[in-house]
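Visitor:
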Amino acid sequence: MKQSKIFFGFFLIIIFFSCTKLEENFRGELEQGNTGNISAAELLISAYNSLNDPFQGGNFFLLQESTSDELIAPTRGPDWDDNGEWRALFAHTWDADHGRMSGGFNSLLGAQFAASNVLQFKPSTQQAAEARFIRALSMFAVLDLFDQVPYRADLTNYKIPPVTLKGIEAADFIISELNAIMNDLPDAGAAYVANKNGARALLMKVYLNKGVYANRATPTFDAADMNQVITLADQIIGSNKYTLSDIFFDNFAPDNDVKSKENIYTLYNKPGDRGGNVRGNVFSTSHYNMNPGGWNGFSTLSDFYDKFDAADQRRGINYVYPGSLPNPGKRQNVGFLVGQQYNLTTDEALKDRKGAPLIFTREVKLRETGDNLEVTGIRVIKYPYDYASSGDQKDNDFVLFRYADVLLMKAEAMLRTGDAAGALTIVNSLRTKRGVAALGSLDVNALLDERGREIYWEGWRRQDLIRFGKYLQAWQEKPADDPKNLVFPIPSSALAVNPNLVQNTGY
Numbered sequence: 342m343k344q345s346k347i348f349f350g351f352f353l354i355i356i357f358f359s360c361t362k363l364e365e366n367f368r369g370e371l372e373q374g375n376t377g378n379i380s381a382a383e384l385l386i387s388a389y390n391s392l393n394d395p396f397q398g399g400n401f402f403l404l405q406e407s408t409s410d411e412l413i414a415p416t417r418g419p420d421w422d423d424n425g426e427w428r429a430l431f432a433h434t435w436d437a438d439h440g441r442m443s444g445g446f447n448s449l450l451g452a453q454f455a456a457s458n459v460l461q462f463k464p465s466t467q468q469a470a471e472a473r474f475i476r477a478l479s480m481f482a483v484l485d486l487f488d489q490v491p492y493r494a495d496l497t498n499y500k501i502p503p504v505t506l507k508g509i510e511a512a513d514f515i516i517s518e519l520n521a522i523m524n525d526l527p528d529a530g531a532a533y534v535a536n537k538n539g540a541r542a543l544l545m546k547v548y549l550n551k552g553v554y555a556n557r558a559t560p561t562f563d564a565a566d567m568n569q570v571i572t573l574a575d576q577i578i579g580s581n582k583y584t585l586s587d588i589f590f591d592n593f594a595p596d597n598d599v600k601s602k603e604n605i606y607t608l609y610n611k612p613g614d615r616g617g618n619v620r621g622n623v624f625s626t627s628h629y630n631m632n633p634g635g636w637n638g639f640s641t642l643s644d645f646y647d648k649f650d651a652a653d654q655r656r657g658i659n660y661v662y663p664g665s666l667p668n669p670g671k672r673q674n675v676g677f678l679v680g681q682q683y684n685l686t687t688d689e690a691l692k693d694r695k696g697a698p699l700i701f702t703r704e705v706k707l708r709e710t711g712d713n714l715e716v717t718g719i720r721v722i723k724y725p726y727d728y729a730s731s732g733d734q735k736d737n738d739f740v741l742f743r744y745a746d747v748l749l750m751k752a753e754a755m756l757r758t759g760d761a762a763g764a765l766t767i768v769n770s771l772r773t774k775r776g777v778a779a780l781g782s783l784d785v786n787a788l789l790d791e792r793g794r795e796i797y798w799e800g801w802r803r804q805d806l807i808r809f810g811k812y813l814q815a816w817q818e819k820p821a822d823d824p825k826n827l828v829f830p831i832p833s834s835a836l837a838v839n840p841n842l843v844q845n846t847g848y
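Take a look at the structure:
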């Protein structure tokens, strides 16, 4: 895409948020016919790309994960302090001026606008459906995080602030959009192209959480909504396009677009072409002296790690894949890393920057001050590192919706409508595939744990904890907290430019 067209796309995202004289001048230029070289196809690629920033390890991912019981970003002496940003997220002490609030809000609204903009340039029927899927996905993310979704139906008059859809109203709008485009989306093809089953998976998440959006503190789950979840799951299952992958980490590998049997909708990454910061999932957690040498930040909690059986392949394996390092000691290189770490080329025991053994500990505190602050915390490698691709861009497509999650959502809907036996059968089929023993019974707590074991660090944990009534409870390194934290505050900067937004209660 030419630089001028890239500039055009980004400029439109900027003017989405404000009304200025500069905007009026720019709109005047557009009316004079300066958009003739813009095509719907190019704008659609820009809309797909706009999802990378919030979802691929970005603010949606961070707001969902670093506020949960499965990801902690400890302050390690002077490292990872960032003016307390990470501590505030984990401890649920954020405010409306927290940088991740404005970053998440703005990047998701930018994606919404980029998708809407496609519709102004005579797209084909399928292009329009893909754009509306992207818009629905970004609106769903804003709803889940902030409970208020600015929406602009008319893209010709930026002097009028966008309306605000709240709670159930927003959920119903998203449902209507996805149902309207379903027949116009492709049945099959690359997982990074919006498709019917991707839309069904997104609909499942909306219906599953609809009771939360009506009342986050004490949600109830309407049988009709749960039956919709089951019906949509059966449609995905009945398409016969997916099955559980034999090797769990195939779903996240550099060639997961070919290897995975589960991935329904992903974000495209290709070195030299386009993509997002999928490498950040590794860099954020790996130690400086590992390969790759990362930023030595994110860890998980020992309480979360202890939910896994030792035989569970999701906990970690020695994963061999194209471009992986020789690993002569057959060390675990994916999943949860704890204990002594090794050079995966020579099998030499690694050391930290002080020359002490690089032994990741189970123990971790939100603020680390001891001599071993570099090595505290169990590290997590969900996406096997793409050693074959130099530079920042990697070949792992980022997973948003996959078949295992669909099965677990169906099991949850069945459990919430009284079919515990049917739900148990689904969960046990998944557990057997992952190498662990079947459960004898299933309740909501066991199901939440299974969701944690299956989709950890995929960007859904906060949402799950809220739906299961656990988000405000105390957990390792976090005390119980206030119900206001079930939604994030509307960023102060957004309130200043949109009079149709009202700050969420308690902020």
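For the sequence shown, position 307 (counting from the first letter as 1) is numbered 648 according to my numbering, and the numbering increases by one without interruption.
Glycine included, each C-beta is placed from N, C-alpha and C at the ideal position.
Bear in mind that the values here come from a model prediction, so they are computed numbers and not experimental data.
#1: Shortest alpha-carbon distance to PRO667 belongs to which of PHE677, ALA469, LEU678 and TYR683?
#2: Can you tell me the Cα-Cα spacing of GLU799 and VAL740, whole angstroms?
#3: How many angstroms separate the CA atom of SER443 from the CA atom of ALA762?
#4: Pick helix, strand or coil for GLN373, following the three-state DSSP scheme.
#5: So the beta strand (DSSP E) VAL721 belongs to, where does it begin and stop?
#6: Which residue wins for smallest C-alpha separation from GLY676, given the options TRP421, PHE446, PRO669 and GLN654?
#7: Check whether the Cβ atoms of ALA754 and ILE571 sit closer than 8 Å, and answer yes or no.
#8: Taking the straight line between their C-alpha atoms, what separation do you get for LEU331 and ASP423?
#9: Considering GLY793, what are the terminal residues of the alpha helix (DSSP H) in which it resides?
#10: In whole angstroms, what separates the C-alpha of PRO725 from that of LYS611?
#11: Which stretch, first to last residue, makes up the alpha helix (DSSP H) that contains ARG743?
#12: DSSP has THR717 in a bridge; who is on the other side?
#13: Quick check: the Cα distance between PHE454 and GLN673, rounded to an integer number of angstroms?
#14: First and last residue of the alpha helix (DSSP H) that includes ASN400?
#15: Over what stretch of residues does the beta strand (DSSP E) that includes TYR389 continue unbroken?
#16: Can you tell which of ARG757, PHE474 and ILE807 has its C-alpha closest to the C-alpha of LEU783?
#17: Opposite ALA690 in the DSSP bridges: which residues?
#18: Skipping 5 residues on each side, what residues in its chain have a beta carbon closer than 6 Å to that of TYR797?
#19: Specify the secondary structure class of GLU510 as computed by DSSP and reduced to three states.
#20: Looking at C-beta atoms only, is the number of pairs between the region 553 to 571 and the region 619 to 636 that lie closer than 8 Å three or more?
#21: Short check: CB of PHE487 to CB of PHE829, under 8 Å?
#22: Considering only residues of the same chain and omitting the five flanking positions on each side of GLN569, which have a CB-CB separation below 6 Å?
#23: Whole angstroms is fine: what's the gap from ASN845's alpha carbon to ASP823's?
#24: Suppose you measure from the CA of PRO663 to the CA of GLY613; what does that come to, to the nearest Å?
#25: Let me check understanding here. Comparing Cα to Cα, which of ARG656, ARG720, SER730 and VAL785 lies closest to ARG794?
#26: From GLY847 to TRP427, what distance separates their C-alpha atoms?
#27: Does the distance from the CB of LEU573 to the CB of LEU544 come in under 8 Å?
#28: Would you decide whether GLN681 is buried or exposed? Buried here means 16 or more other CB atoms lie within 10 Å of its CB.
#29: Ordered along the chain, which non-local residues of its own chain (more than five positions away) have a Cβ less than 6 Å from that of TYR515?
#30: According to DSSP, is ILE605 helix, strand or coil?
#31: Select from PRO669, VAL679, HIS628 and VAL661 the residue whose C-alpha is nearest the C-alpha of ASP647.
#32: Could you tell me the alpha carbon to alpha carbon distance between ALA540 and VAL838, rounded to whole angstroms?
#33: State the start and end residues of the unbroken alpha helix (DSSP H) segment that holds PHE454.
#34: Can at least three beta-carbon pairs, one atom from the region 384 to 391 and one from the region 461 to 475, be found at a separation below 8 Å?
#35: Mapping DSSP to helix, strand and coil, what is PHE589?
#36: Pick helix, strand or coil for TYR492, following the three-state DSSP scheme.
Guide: Short version:
#1: Residue mapping note: residue 667 aligns to position 326 of the sequence shown, counting from 1. Here the closest residue by C-alpha is TYR683.
#2: Indexing the sequence shown from 1 puts residue 799 at position 458. Indexing the sequence shown from 1 puts residue 740 at position 399. Using only the alpha carbons, I get a separation of about 7 Å.
#3: Stepping through the sequence shown from its first residue, residue 443 is reached at position 102. Stepping through the sequence shown from its first residue, residue 762 is reached at position 421. Going by the C-alpha atoms only, they are around 44 Å apart.
#4: Stepping through the sequence shown from its first residue, residue 373 is reached at position 32. Note that GLN373 scores 38 on pLDDT, short of 50, meaning its location in the model is unreliable; the coordinates nonetheless yield the value given after this. If DSSP states are grouped into helix, strand and coil, GLN373 belongs with coil.
#5: Here the question's residue 721 lines up with position 380 in the sequence shown. Unbroken beta strand (DSSP E) run through VAL721: 720 to 722.
#6: Residue mapping note: residue 676 aligns to position 335 of the sequence shown, counting from 1. Comparing Cα positions, the closest option is GLN654.
#7: Indexing the sequence shown from 1 puts residue 754 at position 413. Indexing the sequence shown from 1 puts residue 571 at position 230. Yes, Cβ-Cβ distance for ALA754 and ILE571 is below 8 Å.
#8: A question about residue 331 goes unanswered here, because the residues of the chain that appear run from 342 up to 848.
#9: Taking the first residue of the sequence shown as position 1, residue 793 is located at position 452. Segment 785 to 796, the alpha helix (DSSP H) holding GLY793.
#10: One-based indexing of the sequence shown puts residue 725 at position 384. One-based indexing of the sequence shown puts residue 611 at position 270. The alpha-carbon atoms of PRO725 and LYS611 are separated by roughly 15 Å.
#11: Residue mapping note: residue 743 aligns to position 402 of the sequence shown, counting from 1. ARG743 -> not in any alpha helix (DSSP H); beta strand (DSSP E) instead, spanning 739 to 743.
#12: Walking along the sequence shown from the start, residue 717 turns up at place 376. DSSP, once it has assigned bridges, lists THR702 as partnering THR717.
#13: Within the sequence shown, numbered from 1, the residue matching residue 454 stands at position 113. Within the sequence shown, numbered from 1, the residue matching residue 673 stands at position 332. Approximately 43 Å, taken between the alpha carbons.
#14: Reading the sequence shown from its first residue, position 59 is the one you call residue 400. 400 to 406 is the extent of the alpha helix (DSSP H) around ASN400.
#15: If you number the sequence shown from 1, residue 389 lands on position 48. Unbroken run through TYR389 is the alpha helix (DSSP H), 381 to 390; no beta strand (DSSP E).
#16: Position 442 of the sequence shown, counted from the first residue, corresponds to residue 783. For LEU783, the nearest C-alpha among the options comes from ARG757.
#17: Against the sequence shown, residue 690 aligns to sequence position 349. ALA690 pairs with TYR683.
#18: Translated into positions along the sequence shown, residue 797 becomes position 456. Excluding positions up to five away in sequence, the list reads GLU411.
#19: For the purposes of this step, residue 510 is identified with residue 169 of the sequence shown, where counting begins at 1. Reduced to three states, the DSSP call for GLU510 is helix.
#20: no
#21: Along the sequence shown, one-based indexing puts residue 487 at 146. Along the sequence shown, one-based indexing puts residue 829 at 488. Yes, the pair counts as a contact, with Cβ atoms nearer than the cut-off.
#22: As a first step, residue 569 must be located in the sequence shown, where it is residue number 228. The residues are TYR548.
#23: Here residue 845 refers to the residue found at position 504 when the sequence shown is read from its first residue. Here residue 823 refers to the residue found at position 482 when the sequence shown is read from its first residue. For ASN845 and ASP823, the distance between alpha carbons rounds to 13 Å.
#24: Within the sequence shown, the letter at position 322 stands for residue 663. Within the sequence shown, the letter at position 272 stands for residue 613. About 19 Å.
#25: Here the question's residue 794 lines up with position 453 in the sequence shown. When each option's Cα is compared against that of ARG794, the closest is ARG656.
#26: Residue mapping note: residue 847 aligns to position 506 of the sequence shown, counting from 1. Residue mapping note: residue 427 aligns to position 86 of the sequence shown, counting from 1. Their backbone Cα atoms lie some 21 Å apart in a straight line.
#27: Start at 1 with the first residue of the sequence shown, and residue 573 comes out as number 232. Start at 1 with the first residue of the sequence shown, and residue 544 comes out as number 203. Yes, the pair counts as a contact, with Cβ atoms nearer than the cut-off.
#28: If you number the sequence shown from 1, residue 681 lands on position 340. GLN681 is exposed by the Cβ-count criterion.
#29: On the sequence shown, position 174 is the one that residue 515 refers to. Per the sequence presented here, residue 515 reads as Ile, with Tyr not at that position. Closer than 6 Å at Cβ, skipping near neighbours: ALA477, MET480, PHE481 and VAL547.
#30: If you number the sequence shown from 1, residue 605 lands on position 264. In this structure, ILE605 counts as strand in the three-state DSSP scheme.
#31: Here residue 647 refers to the residue found at position 306 of the sequence shown. Out of PRO669, VAL679, HIS628 and VAL661, VAL679 has the C-alpha closest to the C-alpha of ASP647.
#32: Here residue 540 is taken as the residue at index 199 of the sequence shown, counted from 1. Here residue 838 is taken as the residue at index 497 of the sequence shown, counted from 1. If I take the Cα positions, the gap works out to 32 Å.
#33: Walking along the sequence shown from the start, residue 454 turns up at place 113. Where PHE454 is concerned, the enclosing alpha helix (DSSP H) stretches over 440 to 459.
#34: yes
#35: Reading the sequence shown from its first residue, position 248 is the one you call residue 589. Helix.
#36: Locating residue 492 in the sequence shown gives position 151, where the first residue counts as 1. Three-state DSSP puts TYR492 in a strand.
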